[in-house]
Every structure is written in structure tokens, then in C-alpha cells.
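Comments concern the structure below.
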Amino acid sequence: MAVNDTRDIILSVADRLFSRFGFHKTSMDEIAKTARKAKGSLYYHFASKEELFREVISKEFGNLKAQLNPIVENKEYSAFEKLKNYLLKRMEILNSASNYHETLKADFFEQFHFIDELRSDLDEWEKEKFKTIVMEGVMAGEFKVSENIDVILDIFLMVLKGLEISFFLQGKYNEYAPHFEGLIYILNNGIAK
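The numbers in the working numbering rise by one with no breaks, and the one at position 84 of the sequence shown is 144.
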């Protein structure tokens, strides 16, 4: 079996176990046993449980980006349609990203800072995508932005991240998902002409 295959198997098993039991209750021993690999094989690929979890989160973020990029690049959507579809798809994907949910917990965030870099990278990536959409909307006459666009986008991201705790940790996603389009309409009215 190739080294990359072993690494992929370990990542897949770790993803499943972390999703099911959480970071704290999942041990490297359990991952090794479930993957049918020697514990040394895990440590060959990942120096620690934290590094392995970081890679699992990185894959979730990679999946998020891969599914959102086509929305931003779609030439047939108006800027408003891109923004709406992006936000709906973003919340749908993050709702199923149970390992990401773990990173939203206060005790996790306070104890483990190894996720900070990934979250910051995702924030910057999203800010650029939102900027692309908004500037496209400004050029097409759909949006009007009179404030500093970077500050507005930072606040917009803060609002989105604030919703994640209620939606994903408090389990309110399914209750509120049918109303997302209304929320997007309200958010958009602040920049619509």
C-alpha cells in the first residue's frame, strides 16, 4: 500500500471518529485500531492528534472552497444571485462539517490555538470572494457601496461567524434554514440600489 493511501485512510478514519465522538474523546489508539494501522504509522504521518485534527479541518475547508468557487466564478449569475447562492451553500456545507463545529466551542478555541491559522486563512479567502462578488455588483449597478469595502466585508464576516454558533452548536440550523433567503434579502438591502 502506498504511503499516500495510508495517510488518506488515517485521515478518513480520523474524520469519522472526530465527527462522532469529538476531538477530546477520540484517541490516537482508537484511530489506529479502526484504521487497522500501527500507532507508529499514525505518528509517521502526523506528529500529534492536534496535527491530525488540523488536517481534517483543512480538508473540510478545502471542500468548502471547492464547492463555493464555482458559484463565484459563474458568469451566468448576477452579483446578487452569486451572493445569495454563496451564502446558502456556505451554510449548508458548514452545517455538515461537524469537525468545524468542534472548533467553535469556547473550551476548544481557548485550549487549542492550532486552528487559528486555518480559520484566518479561510476568513481571508472568503473576504476576497465576497469582495469579488460585491465589486462585480457595483460595476453592474446592482450594489452601491459608499463605505470602506474592506471594513464592510470584515463586519459581514463577523456577522456570518456569529450566526454559526447558534446554527451549528445550538442546533438551530434546520429551524432557520428555510428563512435564509429572507436574511439574505435584508443583508442585501443595505447595498442594493
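Note that CB positions come from ideal geometry on N, CA and C, so glycine has one too.
Asked, Found
"Among Y160, F203, W185, L102, nearest to K125 - alpha-carbon criterion", "W185"
"Of the residues V219, S108, K97, F81, the one placed nearest F174, counting alpha carbons only", "S108"
"Burial state of I215 (16 or more Cβ within 10 Å)", "exposed"
"R179 versus I225 - alpha carbon distance", "15 angstroms"
"Meets three-Cβ-pair contact criterion under 8 angstroms: the segment 99-115 and the segment 130-149", "no"
"Run of the alpha helix (DSSP H) containing A98, from where it starts to where it stops", "Where A98 is concerned, there is no enclosing alpha helix (DSSP H), given that its DSSP letter is neither H nor E."
"Spatial distance of N145 from E177 (CA atoms)", "27 angstroms"
"Inter-residue Cα distance where the pair is H161 and F227", "10 angstroms"
"Nearest neighbour of K189, chosen from N155, G222, N159, Q127 [CA to CA]", "Q127"
"Per-residue burial, R150 [other beta carbons within 10 Å of its own, 16 or more giving buried]", "buried"
"DSSP-derived helix/strand/coil call for F228", "helix"
"L223 Cβ short of 7 angstroms to the ligand GTP heavy atom set", "The model depicted lacks the ligand GTP and carries no ligand whatsoever."
"DSSP three-state assignment for F203, whether helix, strand or coil", "strand"
"Any C-beta of chain B under 8 angstroms from that of D214", "In the structure shown, chain B cannot be found, because there is only a single protein chain."
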